[in-house]
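Residue numbers (our numbering): 2 to 181.
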């Protein structure tokens, strides 16, 4: 995973729980990087799971909720930082349907070694979108948070339901139903 993802995670933790918590979760986690991240560096996704696990132990919040909250948070950060990538999309469904062929293409131009999840549009109507998330990293809670962050960015209301297509969470169906 790119270091930018780690840097933003630690920034979120500091904003929500304080610098002391950031320091404690890094100190209490055996990290190959020693918790030192650069935005352009590449680090194992296992470090993210370790950090989130430590944060969960400290805050008593479930790992799944923390990954979800981070997804919501980071979409807002990236949405503001990379407005040009979002410009031209009229709504959340338009944007989500183009993640694979626009956003991921741009990410790979910047970071050719990035290992991105696959986001496949299974079906789309005016009020319902089905996306299949596939990733060996099994970070579907983070992906769901990104979807919610996208809805928030476009100021849209929708429910998101998940269906495990593979028990280990490497493939998940997201059904996003707009609220009327």
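From the three backbone atoms N, C-alpha and C, an ideal C-beta is built for every residue, glycine too.
Going by other Cβ atoms of all chains shown within 10 Å of its Cβ, with 16 needed for buried, is residue i buried or exposed?
| i | result |
| --- | --- |
| residue 72 | buried |
| residue 141 | buried |
| residue 182 | Here the chain has residues from 2 to 181 only, and residue 182 is not among them. |
| residue 136 | buried |
| residue 37 | exposed |
| residue 151 | buried |
| residue 82 | exposed |
| residue 134 | buried |
| residue 9 | buried |
| residue 48 | buried |
| residue 109 | exposed |
For a test of the three-state rule: what should DSSP assign to residue i, helix, strand or coil?
| i | result |
| --- | --- |
| residue 134 | strand |
| residue 173 | strand |
| residue 59 | helix |
| residue 158 | coil |
| residue 165 | strand |
| residue 43 | strand |
| residue 3 | strand |
| residue 88 | coil |
Taking the alpha carbon of residue i as the point to measure from, which residue in the options has its own alpha carbon closest?
| i | options | result |
| --- | --- | --- |
| residue 159 | 143, 69, 176, 171 | 176 |
| residue 173 | 106, 155, 139, 104 | 139 |
| residue 165 | 44, 131, 91 | 131 |
Review point. Along the chain, which unbroken stretches of the beta strand (DSSP E) at least 3 residues long are found entirely within the stretch 100-154?
Key: 119-125, 129-135
Point to revise | Three-pair Cβ contact test at 8 Å for the stretch 89-102 versus the stretch 117-132 | key: yes
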